[in-house]
Every structure is written in structure tokens, then in C-alpha cells.
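K.L.:
Position 204 (the sequence shown) corresponds to 204 in the numbering used here; numbering is contiguous.
Where a beta carbon is used, it is the ideal one built from N, C-alpha and C, also for glycine.
Predicted model only: the values in this text are computed from it and were never measured.
The structure's right below; bear with me while I get my questions together.
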Amino acid sequence: MTRTADQIALLRTETAPALLNELRGLRTGGEELRTELVTTISQGLDETRTQVLRALDRDQRELAQARQEIGDLRRELAEARAAWETGIAELTTAPAARPATTDPTTKAESSARAVPADAANPGTDAAAPTTEPAKETAMPDQQPDQTPATTEQAGNTEQADSTERAATDMLTELTTVTGHRVPAPQPAAALAPTPPPTAEQARASLEAALFDTLKTAARISTAELVCHPHTWRFIASRTAAAEYFQLPATEGDGKDDMVTVRLPGLSLMAAVDSLFTTYWEASTGPVRNLQDSAMALAYYIDLSSAIRRTRPADSGTQVDGRPLTRIVIDNRPDQAA
Numbered sequence: 001m002t003r004t005a006d007q008i009a010l011l012r013t014e015t016a017p018a019l020l021n022e023l024r025g026l027r028t029g030g031e032e033l034r035t036e037l038v039t040t041i042s043q044g045l046d047e048t049r050t051q052v053l054r055a056l057d058r059d060q061r062e063l064a065q066a067r068q069e070i071g072d073l074r075r076e077l078a079e080a081r082a083a084w085e086t087g088i089a090e091l092t093t094a095p096a097a098r099p100a101t102t103d104p105t106t107k108a109e110s111s112a113r114a115v116p117a118d119a120a121n122p123g124t125d126a127a128a129p130t131t132e133p134a135k136e137t138a139m140p141d142q143q144p145d146q147t148p149a150t151t152e153q154a155g156n157t158e159q160a161d162s163t164e165r166a167a168t169d170m171l172t173e174l175t176t177v178t179g180h181r182v183p184a185p186q187p188a189a190a191l192a193p194t195p196p197p198t199a200e201q202a203r204a205s206l207e208a209a210l211f212d213t214l215k216t217a218a219r220i221s222t223a224e225l226v227c228h229p230h231t232w233r234f235i236a237s238r239t240a241a242a243e244y245f246q247l248p249a250t251e252g253d254g255k256d257d258m259v260t261v262r263l264p265g266l267s268l269m270a271a272v273d274s275l276f277t278t279y280w281e282a283s284t285g286p287v288r289n290l291q292d293s294a295m296a297l298a299y300y301i302d303l304s305s306a307i308r309r310t311r312p313a314d315s316g317t318q319v320d321g322r323p324l325t326r327i328v329i330d331n332r333p334d335q336a337a
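Structure follows, in C-alpha cells:
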């Protein structure tokens, strides 16, 4: 019995340290394994997050590019539609304008007016018998076609007068205020019959001056527009939908009830173009608005004349000492002598 107890004690003495060492080794190995596992998982999560962020960034760039392409397509469709409507307007206007120049009813009307004048003259008794039959034979032949041709000619004449009046008004204002002579459309040869000009043809004669004004406005860094709040509200409402226009802040002036608006060159360019379009549509459109036409033309002239008086800034190292472009829309009475 004593021998068995000694053997057990000896076994415990020899085995216990080995078991403790093995347990310590297992614990250390478990901690290292856990550390490596946590490190591996963290690295994998970081790589996955990086890949997800790159994918999101790529998708956002592709989405922005797709939106830009959609915007370009919309603009191209709008331009194509405008060109199509212009072509339709020219096709519908040109055939109606041709008969007015070679209409035989003009000759018939002139001869009809000449007959009563000759018959009423007491000194032409011998010519009366020959003139009277001409009246009886000429009038029945020309009478059936006279009314439609006269109505059509009156409509064409009214449209031509409207477009010519609008073009003449703007040409006169531009020449008087800016001192820059705008070339008017050259008339055709006197012997060659031509149809009355359409709205597109009359507008084309003014777009050269408008294009020069837009180029100069695009080079202006900042312009100060001083006007009444109602004036600025009209300009901003007509320009709000323009591509390059950004609505700026306004600074009020309690003394004269005026506001000062700081406009970059692109916004100034958009305002000039929008006022030109508003004037033309209000003057030549089917529904004419004299107030919109007058305001748009007046403000367009004020902006254009101030823009044309500018010149490029100095390109040296020193800052140009000239003040910013300042445009004031305000008429005041002359001082008494």
C-alpha cells in the first residue's frame, strides 16, 4: 500500500510540471491564433471597404456622365425642334408671299380705277366709248380671284410690317444710343420681285450686333447693375431660365429706393440675350405686349451700350486701377438752367 502511494506521488511530481507546461503552451498558441485571426479579418474588412468605396465612386462618375449625356441630348432635341419649327414657318410663309408680287388683280384694279377717272373728265368724249367696254370686259374676268388674293396679300403685308417695324426700332435705338451703326439688311434689286421678309430673316439682321455684345459681355469679370427693384425683378424673371445665369444677391439703397446687383460676365451675357428674345417675341409674336416689348428694348439698349464702352483690362503685374463696369438704369429730368 505504501509502495502504491509512493508511485502515485512520484507520478504526480514528474507529470504535473509537464502538464502545466503543455497547458501554458496551448494557451499561448490560442492567443496567437486569436491575434492572427483578428488581424486577418481586419485586413479583409479594410480591403472590402476600399473596394466598395471605389465601386461607389465609379458608379457616381458614370451616373454624372450619363446625366451630362442626357442633358446634351435634350439640348440637341430642343435645337432640332427649333430648326424644324423654323423650317415649317418658312415653308408656310414663302408660298403665301409669292403671289403678291405677280398677282394680276393689281393690274385689273389699276385699270378699274382709271376708267371712272377718264369717264368723269369732260375733255375726253372721244375716248369714252373705247374705255367703257374695257371696264365691262376686264372686271368680270378678274372679279372671282380678287377677294382671296387681296386677303392673303393683306395678311402678308401686316406680318411684314410688324417684323420690319420691330427690326427698324431696334436698329434705330442701337445706332442712336451706342453710336455703333448696325448694318441693316440690304434690299434686293428693284426689278426683281421678292416676298416680304419673315420674322427669322428680319431677326438675322440684328444678330451680328448681338453676337458682338455677347462676346464683350462674356469677358467682363464683374458688373454692377443699379436699378429699381421692379426693374431688376423684370430682368431676373426673363433671365431665370437661361443656361449661364445665376441669381445674385441684391443690396438695397434706402435713399433713392434703388438696388445694386453684382453680375458676373456670364450672367450679364444671359441677361442681354434674354432681353433681346423677349423684345422680339413681344413685338412680332401672335400675342403682342407693348409694355414687355418697351421694357425689354430699353433695358437691352442700356446694358448693350454700357458693355460696348468697356475695353480689356491691363495684363501687367499691377492690378488695373479702373473701376468695375457700372450700369445704371434710371432716367432723370434735366436740371434747370
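1. Per DSSP, what kind of secondary structure is V52 in: helix, strand or coil?
2. Out of curiosity, what's the CA-to-CA distance linking D256 and P229?
3. In terms of DSSP beta bridges, what is R326 paired with?
4. Taking only three categories from DSSP, how would you classify G252?
5. Name the residue from T35, G87 and V259 whose alpha carbon lies nearest to the alpha carbon of I235.
6. Does the beta-carbon of T278 have 16 or more other beta-carbons within 10 angstroms, so that it is buried, or is it exposed?
7. Just confirm the distance between the C-beta atoms of Y244 and M269, as a whole number of angstroms; I'd bet it's less than 8 Å.
8. Alpha carbon to alpha carbon, what distance is there between P17 and E31?
9. Nearest to R326 by CA position, among A306, Q7, R81 and I301, is which residue?
10. What's the C-alpha gap between I88 and A82?
11. How many Å lie between T250 and W232 at the Cα?
12. Give the secondary structure of A100 by DSSP, where H, G and I count as helix, E and B as strand, and everything else as coil.
13. Tell me whether the beta-carbon of I220 lies closer than 8 Å to the beta-carbon of G252.
14. In three-state DSSP terms, what is V272?
15. Here's the rule I'm using: 16 or more other beta-carbon atoms within 10 Å means buried, otherwise exposed. How should R61 be labelled?
16. Roughly how many angstroms lie between the CA atoms of R58 and Q51, to the nearest whole one?
17. Bridge partners for A287 per DSSP, in chain order?
P.N.:
According to the data block:
1. helix
2. 11 Å
3. E224
4. strand
5. V259
6. buried
7. 7 Å
8. 21 Å
9. A306
10. 10 Å
11. 9 Å
12. Note on A100: pLDDT 44, under 50, position unreliable in the model; the coordinate value appears next. If DSSP states are grouped into helix, strand and coil, A100 belongs with the helices.
13. no
14. helix
15. exposed
16. 11 Å
17. It is worth fixing the name first, because residue 287 is Val in this sequence and not Ala. Answer is none; V287 lacks a bridge partner.
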